[in-house]
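Chains as they are written, first to last, in my numbering: chain V, 1 to 218; chain E, 219 to 436; chain A, 437 to 654; chain W, 655 to 872. Positions of the beta carbon are idealized from the N, C-alpha and C atoms, including for glycine.
There are 4 protein chains.
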Amino acid sequence: MDDDSRAKHWEHRTEIPLFVAALVYLAAYATHVLATDMPAVWHAVCLSVTFGLWLVFAADYVVRWRLSGQGLRFVPTHMLHTVVVLLPLLRPLRIVRLYEAVQRRSGQPRLSLHARVISYAGLSTVLLAFSGSLAVYQAERGAPGATMHTFGDAVWWAASTLTTVGYGDVTPVTPLGRVIATGMMIGGLALLGAVTGSFSSWLMRTFYREGDEKPPGS
Amino acid sequence: MDDDSRAKHWEHRTEIPLFVAALVYLAAYATHVLATDMPAVWHAVCLSVTFGLWLVFAADYVVRWRLSGQGLRFVPTHMLHTVVVLLPLLRPLRIVRLYEAVQRRSGQPRLSLHARVISYAGLSTVLLAFSGSLAVYQAERGAPGATMHTFGDAVWWAASTLTTVGYGDVTPVTPLGRVIATGMMIGGLALLGAVTGSFSSWLMRTFYREGDEKPPGS
Amino acid sequence: MDDDSRAKHWEHRTEIPLFVAALVYLAAYATHVLATDMPAVWHAVCLSVTFGLWLVFAADYVVRWRLSGQGLRFVPTHMLHTVVVLLPLLRPLRIVRLYEAVQRRSGQPRLSLHARVISYAGLSTVLLAFSGSLAVYQAERGAPGATMHTFGDAVWWAASTLTTVGYGDVTPVTPLGRVIATGMMIGGLALLGAVTGSFSSWLMRTFYREGDEKPPGS
Amino acid sequence: MDDDSRAKHWEHRTEIPLFVAALVYLAAYATHVLATDMPAVWHAVCLSVTFGLWLVFAADYVVRWRLSGQGLRFVPTHMLHTVVVLLPLLRPLRIVRLYEAVQRRSGQPRLSLHARVISYAGLSTVLLAFSGSLAVYQAERGAPGATMHTFGDAVWWAASTLTTVGYGDVTPVTPLGRVIATGMMIGGLALLGAVTGSFSSWLMRTFYREGDEKPPGS
Chain V
1 MDDDSRAKHW EHRTEIPLFV AALVYLAAYA THVLATDMPA VWHAVCLSVT
51 FGLWLVFAAD YVVRWRLSGQ GLRFVPTHML HTVVVLLPLL RPLRIVRLYE
101 AVQRRSGQPR LSLHARVISY AGLSTVLLAF SGSLAVYQAE RGAPGATMHT
151 FGDAVWWAAS TLTTVGYGDV TPVTPLGRVI ATGMMIGGLA LLGAVTGSFS
201 SWLMRTFYRE GDEKPPGS
Chain E
219 MDDDSRAKHW EHRTEIPLFV AALVYLAAYA THVLATDMPA VWHAVCLSVT
269 FGLWLVFAAD YVVRWRLSGQ GLRFVPTHML HTVVVLLPLL RPLRIVRLYE
319 AVQRRSGQPR LSLHARVISY AGLSTVLLAF SGSLAVYQAE RGAPGATMHT
369 FGDAVWWAAS TLTTVGYGDV TPVTPLGRVI ATGMMIGGLA LLGAVTGSFS
419 SWLMRTFYRE GDEKPPGS
Chain A
437 MDDDSRAKHW EHRTEIPLFV AALVYLAAYA THVLATDMPA VWHAVCLSVT
487 FGLWLVFAAD YVVRWRLSGQ GLRFVPTHML HTVVVLLPLL RPLRIVRLYE
537 AVQRRSGQPR LSLHARVISY AGLSTVLLAF SGSLAVYQAE RGAPGATMHT
587 FGDAVWWAAS TLTTVGYGDV TPVTPLGRVI ATGMMIGGLA LLGAVTGSFS
637 SWLMRTFYRE GDEKPPGS
Chain W
655 MDDDSRAKHW EHRTEIPLFV AALVYLAAYA THVLATDMPA VWHAVCLSVT
705 FGLWLVFAAD YVVRWRLSGQ GLRFVPTHML HTVVVLLPLL RPLRIVRLYE
755 AVQRRSGQPR LSLHARVISY AGLSTVLLAF SGSLAVYQAE RGAPGATMHT
805 FGDAVWWAAS TLTTVGYGDV TPVTPLGRVI ATGMMIGGLA LLGAVTGSFS
855 SWLMRTFYRE GDEKPPGS
């Protein structure tokens, strides 16, 4: 069995367990941040789960790296993979792989490219908003002069930030909160551009399709 | 008469009445929200009209579904239709259908695709701004700490939100108001992208047309 | 002499005088708004000039309409012309015509389409910012609760609005100011989209040209 | 040796020294602005270095102009060069030239156009944010009513401005600060459009590449 097929085999076997692990990671982190009146022992459990799963993700990354036989060239060619090891809250972004794996097995016709881009980018934006709200909320909670008092405030702030509206009624005031916020602004702009661009053209196509006409651009 | 032609027949017959019903719905809702010193009985009338018309819209949706003979596949292929049943304030967006129906009968030459996209997206943005202002104003009015005191404030807020300027001098503070606002940000970004993109290219074409030249990109 | 050539003749003869008139109009209006400690008689002069020139613009519009022989179809096909009659502050936007008229006579090679779009859209944005600042400043000045105290504030507000940044440290509070502001947001978004899009692609081309390479997309 | 080859020779010899000078310029300016408790003599050194290097940049510009033999046409065809002489803080933008010079010598395969545009535009945005923060911070520091108290505030303000989010919790209040801010809004919009557009399409390609599929648009 050569390197390439071993890498494929590893990927094939770990895809679904790792995706479940990513959801557990997100849930454990969210529980830690949001369930403030939970007994201390449960907080310890949540933190252990998040740390343990991060070790699993790192191990998976190392195994793939070794199996790829690419040396340092692995990092630039697997950029997304590298990013989600460093920022595991974004790991569920890899759902696109799971979706494709499932569809390949079932042999069903795939969604159109259009629909895939919209659902994927939309899902990513929601995930970015949720993860970012959690992380910024944890950084801001209880800071002196904070304007972000509840998790609802954090979600509202994330929505106004990712759409670049930026009311400024709720803003992070701590250095860590602002660093995460800057990352969200940049990542969000790119994803949102993809979402709105696709949505806008989908809307046009929908109207023309309903009118029994050839959609524009086809 | 087969399913397909019956569906077309139903559509042909209901298009204009349903559009009028959508305008009545919007007017009744606006009256309920804005006419605060109207006798209670008139408020009851407005609410009955909005609820009754919503039942009509839902019934129309069910009939079309049955006539289409598509089963569950009807929902994704008639996404816009599904959205306007859930959010009837946006129903006048279907005006594009009415416009096309009228033009098909009169046999007049259609507007250019360019002009249709601009008028439709512009109209939708205005409608989204008006409906959203109404709904957010109803949610915010009288809330403690609200910055939105009059309907004028709500319209001003909607304009600064849909253009993504987001001054933040007027912002929703209630959970319901913020949920509606988030929907407006997302929907508005997409529509506005279409409006400004088309407007910008229309502007360019206008100038070149006036200069007796071939427009760019043609 | 047929209608068409008479229309062309009229245009040829009035182009430069009308452009000068537009600049005088803008200057008179700016003087009226900004020179607050000018004697009352001069204010009266400025207002007479603006009103008189507006009559001239309206007369020119009527003459062209009659000469065009197009009837009501003149309005949609001369949209920009119609807009600048209603909002004469934007009239200098027609500078593109003057520029073309001058170049046609001198026979010099025209700028590339790229450079023309950038200069025109950039100029229009500056003009929109200046005219809008003037109009909003006049509406806001002295209003109770106004945050726009000097003309500098108004220009700063216009810059943050036209770029959709929207800090909200300075915002219009009067109904008239907000109506003008909404118009600026919409018009500005479209123009700015054209400016930044062209600028961004020009920047890329510049770098590649300096590197003695074929620019991308050519 | 004709003009053209002498111009190339000059460029070849000065590229790396000038780039190092640009970095020294930026470092000296940053030290002057940020190291507030440095002895006065060091401030004088920093200022002398910035002024001296500016003279060097101006001299280089004049030499190239003379060698080009283009007369006044040199200015529009070397726009970027002209801009960085006037605003030397932006000079490191010319790093693209250095990068190309190095690569030409080493003969390595160049990055794809896609990757070059992203890295260059991303780098420029970071540089614009850093230089702008420095300049605005210098103008705002200690101004009455300033909301920008630390350099961290200035960087946070720059991030929210360049992404057009514009919270407005930190804003310049001095005329000079606002002029620089307006320049940043305009330049940043264009660069950011390039960054996010490229990033968004890169993200899509990455996902599809990882799925062993042909990327969209190729």
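**Message:** Does any residue of chain W have a CB that is nearer than 9 angstroms to the CB of T14 (chain V)?
**Reply:** Indexing the first sequence from 1 puts residue 14 (chain V) at position 14. False, the Cβ-Cβ gap to chain W never drops below 9 angstroms.
**Request:** List the residues of chain W whose Cβ lies closer than 7 angstroms to the Cβ of T182 (chain V), in chain order.
**Result:** Numbered from its first residue, the first sequence carries residue 182 (chain V) at position 182. Those within 7 angstroms of T182 (chain V) in chain W are A813.
**Straight-line Cα distance separating A357 (chain E) from A262 (chain E)** = Along the second sequence, one-based indexing puts residue 262 (chain E) at 44. Along the second sequence, one-based indexing puts residue 357 (chain E) at 139. Approximately 18 angstroms between the Cα atoms of the pair.
**Message:** With three or more C-beta pairs closer than 8 angstroms as the rule, is the region 399-408 of chain E touching the region 344-351 of chain E?
**Reply:** yes
**Asked** Quick one: which chain E residues come within Cβ less than 7 angstroms of G505 (chain A)?
**Response** As a first step, residue 505 (chain A) must be located in the third sequence, where it is residue number 69. Simply none; closest approach about 17 angstroms.
**Message:** Distance check for L625 (chain A) and L346 (chain E), CA to CA, integer angstroms please.
**Reply:** Reading the second sequence from its first residue, position 128 is the one you call residue 346 (chain E). Reading the third sequence from its first residue, position 189 is the one you call residue 625 (chain A). The alpha-carbon atoms of L346 (chain E) and L625 (chain A) are separated by roughly 18 angstroms.
**Asked** In whole angstroms, what is the alpha-carbon distance linking Y821 (chain W) and M403 (chain E)?
**Response** Looking up residue 821 (chain W) in the fourth sequence gives position 167. Looking up residue 403 (chain E) in the second sequence gives position 185. C-alpha separation (whole angstroms): 16 angstroms.
**Asked** Should D440 (chain A) go down as buried or exposed, given a rule of 16 or more other Cβ atoms within 10 Å for buried?
**Response** Mapped onto the third sequence, residue 440 (chain A) falls at position 4. Classification for D440 (chain A): exposed.
**Prompt:** In or out: A158 (chain V) buried (at least 16 other Cβ within 10 Å) or exposed?
**Reply:** The residue given as residue 158 (chain V) occupies position 158 in the first sequence. With 16 or more Cβ atoms within 10 Å of its Cβ, A158 (chain V) is classed as buried.
**Request:** Select from the region 134-151 of chain V all residues with a C-beta closer than 9 angstroms to any C-beta belonging to chain W, and list them in chain order.
**Result:** T147
**Request:** Enumerate, from N- to C-terminal direction, the unbroken alpha helix (DSSP H) stretches of 4 or more residues contained entirely within the region 121-196 of chain V.
**Result:** 151-162
**Asked** Going straight from the alpha carbon of L707 (chain W) to that of A590 (chain A), what length do you get?
**Response** The residue labelled residue 707 (chain W) in the question sits at position 53 within the fourth sequence. The residue labelled residue 590 (chain A) in the question sits at position 154 within the third sequence. So the alpha carbons of these two residues sit roughly 37 angstroms apart.
**Request:** With M692 (chain W) as the anchor, note down where its alpha helix (DSSP H) starts and where it stops.
**Result:** Taking the first residue of the fourth sequence as 1, we reach residue 692 (chain W) at position 38. Counting along the chain, M692 (chain W) falls outside any alpha helix (DSSP H), and DSSP gives it neither H nor E.
**Request:** Run down chain W in chain order and give the residues with a C-beta less than 7 angstroms from the C-beta of V601 (chain A).
**Result:** Stepping through the third sequence from its first residue, residue 601 (chain A) is reached at position 165. Neighbours of V601 (chain A) on chain W, chain order: T815, T818, G820, M839.
**Request:** Would you kindly work out how many angstroms separate the C-alpha atoms of P671 (chain W) and W696 (chain W), rounded to a whole number?
**Result:** For the purposes of this step, residue 671 (chain W) is identified with residue 17 of the fourth sequence, where counting begins at 1. For the purposes of this step, residue 696 (chain W) is identified with residue 42 of the fourth sequence, where counting begins at 1. Those two C-alpha atoms are separated by around 24 angstroms.
**Prompt:** By Cβ distance, which residues of its chain are closer than 7 angstroms to H663 (chain W), with the 5 residues on each side in sequence left out?
**Reply:** What you label residue 663 (chain W) is simply residue 9 of the fourth sequence in a count that begins at 1. Cβ neighbours of H663 (chain W) beyond the five flanking positions: none.
**Request:** Have a look at W:F728, W:D823, W:T828, W:S778 and flag the residue whose alpha-carbon is nearest the alpha-carbon of P798 (chain W).
**Result:** Taking the fourth sequence and counting its residues from 1, the one referred to as residue 798 (chain W) is at position 144. Comparing Cα positions, the closest option is W:T828.
**Asked** In this structure, does DSSP put W42 (chain V) in helix, strand or coil?
**Response** Taking the first sequence and counting its residues from 1, one reaches residue 42 (chain V) at position 42. Residue state, collapsed to three classes: helix.
**Proximity winner among E:L409, E:Y247, E:T381, relative to L305 (chain E) (alpha-carbon distances)** = Within the second sequence, numbered from 1, the residue matching residue 305 (chain E) stands at position 87. Closest by alpha carbon: E:Y247.
**Asked** For L523 (chain A), which of helix, strand or coil comes out of DSSP?
**Response** For this step, residue 523 (chain A) is matched to residue 87 along the third sequence. DSSP, read as helix, strand or coil, puts L523 (chain A) in coil.
**Message:** Residues of chain A with CB closer than 7 angstroms to the CB of D198 (chain E), please, in chain order.
**Reply:** With chain E covering 219 to 436 only, the question about residue 198 (chain E) has no answer from this structure.
**Asked** Going by other Cβ atoms of all chains shown within 10 Å of its Cβ, with 16 needed for buried, is S48 (chain V) buried or exposed?
**Response** For the purposes of this step, residue 48 (chain V) is identified with residue 48 of the first sequence, where counting begins at 1. Per the 10 Å Cβ criterion, exposed.
**Prompt:** Within the 9 angstroms Cβ cut-off, does L305 (chain E) reach chain V?
**Reply:** Indexing the second sequence from 1 puts residue 305 (chain E) at position 87. No, its Cβ sits nowhere closer than 9 angstroms to a Cβ of chain V.
**Request:** Using the Cα positions of F57 (chain V) and V85 (chain V), report the straight-line distance between them to the nearest angstrom.
**Result:** Here residue 57 (chain V) corresponds to residue number 57 of the first sequence, with the count starting at 1. Here residue 85 (chain V) corresponds to residue number 85 of the first sequence, with the count starting at 1. Taking the Cα positions, F57 (chain V) is about 6 angstroms away from V85 (chain V).
**Prompt:** Since P76 (chain V) is in the alpha helix (DSSP H), which residue starts that stretch and which ends it?
**Reply:** Taking the first residue of the first sequence as 1, we reach residue 76 (chain V) at position 76. 74-77 is the span of the alpha helix (DSSP H), which, as asked, contains P76 (chain V).
**Message:** Helix, strand or coil, according to DSSP, for P545 (chain A) in the structure here?
**Reply:** To locate residue 545 (chain A), count along the third sequence from 1; it is residue 109. In this predicted model, P545 (chain A) has a pLDDT of only 49, less than 50, meaning its place in the structure is not dependable; the value taken from the coordinates is given anyway. Correct three-state label for P545 (chain A): coil.
**Request:** At 8 angstroms on the CB atoms, spell out the chain W contacts of W446 (chain A), in chain order.
**Result:** Mapped onto the third sequence, residue 446 (chain A) falls at position 10. Here the premise fails: no neighbours, minimum Cβ distance about 35 angstroms.
**Item:** CB contact flag (V83 (chain V), L90 (chain V), <9 angstroms)
**Value:** Counting from 1 along the first sequence, the entry for residue 83 (chain V) is found at position 83. Counting from 1 along the first sequence, the entry for residue 90 (chain V) is found at position 90. In contact: V83 (chain V) and L90 (chain V) (Cβ atoms closer than 9 angstroms).
**Asked** Would a C-beta distance cut-off of 9 angstroms place R64 (chain V) and A7 (chain V) closer than the cut-off?
**Response** Here residue 64 (chain V) refers to the residue found at position 64 of the first sequence. Here residue 7 (chain V) refers to the residue found at position 7 of the first sequence. In contact: R64 (chain V) and A7 (chain V) (Cβ atoms closer than 9 angstroms).
**Prompt:** So, helix, strand or coil for G287 (chain E), using DSSP?
**Reply:** The residue you call residue 287 (chain E) lines up with position 69 of the second sequence. Here G287 (chain E) sits in coil by DSSP.
**Other residues of its chain near V687 (chain W): CB distance less than 6 angstroms, five sequence neighbours each side excluded** = Along the fourth sequence, read from residue 1 onward, the residue named residue 687 (chain W) stands at position 33. Cβ neighbours of V687 (chain W) beyond the five flanking positions: L788, Q792.
**Closer than 9 angstroms to chain V by CB, R203 (chain E)** = Residue 203 (chain E) falls outside the range modelled here, since chain E spans only 219 to 436, and no answer is possible.
**Pair within 9 angstroms by beta-carbon distance, L627 (chain A) and A557 (chain A)** = Within the third sequence, the letter at position 191 stands for residue 627 (chain A). Within the third sequence, the letter at position 121 stands for residue 557 (chain A). Yes, the pair counts as a contact, with Cβ atoms nearer than the cut-off.
**Request:** Return the CA-CA distance between T379 (chain E) and G405 (chain E), expressed in angstroms with no decimal places.
**Result:** To locate residue 379 (chain E), count along the second sequence from 1; it is residue 161. To locate residue 405 (chain E), count along the second sequence from 1; it is residue 187. Cα to Cα, the separation comes out at about 11 angstroms.
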